[in-house]
Amino acid sequence: MPHTLASLVNHTALKLTVLAGEERLEAPVRWAHASELIDPVPYMEGGELLLITALKLDAEDAEATRRYVRRVAEAGVVGLGFAVGVNYEGVPQPLVEAAREQGLPLLGVPRRTPFIAISKAVSAAVAADQYRAVTAGFEAQRELTRAALSAEGPAELLARLAAHLDGWAALYDASGAVVAAAPDWAARRAARLSDDVGRLRERPAPASSVVSDTDGDDRVELQSLGTGRRARGVLAVGTGAPLGTAGRYAVHSAVALLTLTTERSRALQDAEQRLGDAVLKMLLAGEPDHARAVAGRLYGGLLDAPFRVVVAEPVAGEEPSSGVTAGAGGVGVLDGLADAMDSAAARTGEAVLAVPDGDRLIVLVADGGAAADACAAYAAEAEARAGARPRGRAGQPEAAHGEGVAVGLSAPTGPIAAANAYRQAEQALSVARRRGRALVEHEDVAAGSVLPLLADDAVRAFADGLLRALREHDATGRGDLVASLRAWLARHGQWDAAAADLGVHRHTLRYRMRRVEEILGRSLDDADVRMELWLALKATSAPQGE
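The opening residue of the sequence shown carries number 1 in my numbering; numbering runs sequentially from there.
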């Protein structure tokens, strides 16, 4: 416990007497300092016991004494010690009254007690308090180390840390999700700090911040975990007051231990990355047996059950992500997706194979597993944010840095058909980009209409070029070839039905179709020609962004 005025008064060797401010004797004393300056405030830091003899202060002048006492009290001095029998035989009454007005403790120091004795007592108490804090900090470090090495690992470490601080502690993973908390009720409180944790994760590690729990009186300190540019997690500690020396030692120890348990070595990360890349290449090359052999225990479980292939990339307007490594601007959109899937899989013990591929991310996830659900949830959140932004060209939301993502998801598959699943995911990704969607599954593409696929600039350009000559002919007022072609194709070449739709004679329609063939230089008897013309008509009539 810090030294207080009360402990000095109770020090039998000092023989101090209390003349004013009895109600504030529990104030901690940081130091004892003797000064005879009329204005010692510039040399004060706050928390001192100021020792005076009133050598230069006219302590009998009530107004001068009142100004002096008020100034030192406002500067944070916790008490005055007045030497009795040095310059004044007794304690001047104006000094006592001024101290009472300010509520400032005034201690009488007998002549036989030198100021140096008081300074030594305070210094010894401060040193003892610091020694106790350091000793308690080292003991907390040993206790936390044992907890980190136990079977419970981080959970037990948090429990010991919370008990040591008489508060609560929580651990967030790389995605910002709460993975452990102590006591148990702290998980709800920690979840309310997700926005503050997210902002801290965007800063290079190590980083820290202090926030207030708006629903309580806690002072919460957040510490990022990691040694690289990206935080691998965040530690939150909530206490009723600022941390003391011992508490600070304990938190620093916890940060170091949690960093060791959450930050895998760079060599191990590189080795796993190379292994995952090799397994994926073998699967896509049609070598499932070799892929299984290389996957071993790390990815073998993933290949033993149906899995899905995920192909993701940032949408237009995003800064390219460097895969699962944060770029200079912070955590990229693909990094956030990878973290979300990895964290979800870690909580359920699933395996996830993630491979950066240029500006893309290719991931194998268990069908129906937590990682697949996390992918869908991440995409849904990104799409919800995009829906709130202004809509730009083609009616699609304008992209914003750090939010836009397009994801293609294959149907469930196995190692033998992995290459086909990859093509499915790429096709779904292509549709997601064209539709302005964050995620499209292959099942949606296979079960849906082909018409949305025509909403592409390249397709529209081809359609416009194919039909341009017919539209130019119609513009001269010499016929309605485009409408006639559309009606004839819609009726599968049935002359009477198509003519009826147009309100013309069938001979007129036959003439128009011959003109179409002449202008285009192509025969309508060719099924491929009819198909291309029909798709061109649909493409040029489809709404933008469909």
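C-beta atoms are modelled at their ideal positions from N, C-alpha and C, and glycine is treated no differently.
Determine which residues share a DSSP beta bridge with residue i and list them.
i	result
P110	Answer is none; P110 lacks a bridge partner.
W185	None; W185 has no bridge partner.
A125	Partner(s): none; A125 has no beta bridge.
Q223	S208, L235
D357	R360
R308	V365
H33	L50
A406	E313
G79	L49
P28	T4
V18	L107
Taking DSSP as the reference, what is the three-state secondary structure of residue i?
i	result
S430	helix
E48	strand
I38	coil
Y172	strand
P154	helix
A59	coil
V178	strand
A328	Confidence is the limiting factor: at A328 the pLDDT is only 34, short of 50, which leaves the residue's position unreliable and the question unanswerable from this model.
T413	strand
E89	coil
R478	coil
L243	coil
A394	Because A394 sits at a pLDDT of 40, beneath the cut-off of 50, its placement in the model cannot be relied upon, and the following sentence gives the value as read from the coordinates. Looking at A394 - three-state DSSP - the assignment turns out to be helix.
V84	coil
R530	helix
D444	helix
V352	coil
T12	coil
A285	coil
G436	coil
D218	coil
With respect to the alpha helix (DSSP H) encompassing residue i, which residues constitute its N-terminal and C-terminal limits?
i	result
S194	194 to 201
P94	93 to 102
V482	481 to 490
V72	62 to 74
L337	333 to 348
T508	506 to 520
L524	Counting along the chain, L524 falls outside any alpha helix (DSSP H), and DSSP gives it neither H nor E.
L303	288 to 303
L149	Run containing L149: none; DSSP gives neither H nor E here.
D166	It is not in any alpha helix (DSSP H) - D166 carries neither H nor E in the DSSP assignment.
D501	495 to 502
Is residue i close to the ligand NAD? I mean its beta-carbon at under 7 Å from any heavy atom of the ligand.
i	result
R188	Looking for the ligand NAD in the displayed structure turns up nothing, as the structure carries no ligands at all.
Enumerate in chain order the residues of its own chain whose CB-to-CB distance from residue i is below 6 Å, with the five nearest sequence positions on each side excluded.
i	result
T325	Caution is warranted here: a pLDDT of 37 is assigned to T325, below 50, making its placement in the model unreliable, and the coordinate value is therefore given only provisionally. Contacts found: none.
S610	Because residue 610 is not part of the residues shown, which for the chain are 1 to 546, the question remains open.
G369	E350
A463	A536, A539, T540
H164	A140, A250
A169	L158, L161, A162, A182, V237
R347	none
D173	V179, G233, S343
I362	V311, V355
T17	G108
R100	A20
Between residue i and chain B, is there a C-beta pair that is closer than 8 Å?
i	result
G233	Looking at the structure shown, chain B is missing, and only one protein chain is on hand.
Can you give me the Cβ contacts of residue i inside the same chain, cut-off strictly under 8 Å, excluding the 5 residues immediately before and after it?
i	result
R468	none
P28	P2, H3, T4, G47, V78
Q141	Y249, A250, S253
S430	G408
I38	K56, L57, Y68
G479	H473, R512, R515
E23	G103
S212	D218, R219, V220
V96	L19, A20, L106
By Cβ distance, which residues of its chain are closer than 7 Å to residue i, with the 5 residues on each side in sequence left out?
i	result
P320	Since pLDDT at P320 reaches only 41, below the 50 mark, its modelled position is unreliable, and no value is offered.
V279	A291, V294, A295, Y299, L353
D194	One detail in the question is off: residue 194 reads as Ser in this sequence, not Asp. Contacts found: G176.
Y88	A54, A59
P415	L283, P288, A291, R292, L303
A241	R219
Along the chain, where does the beta strand (DSSP E) containing residue i start, and where does it finish?
i	result
E441	439 to 441
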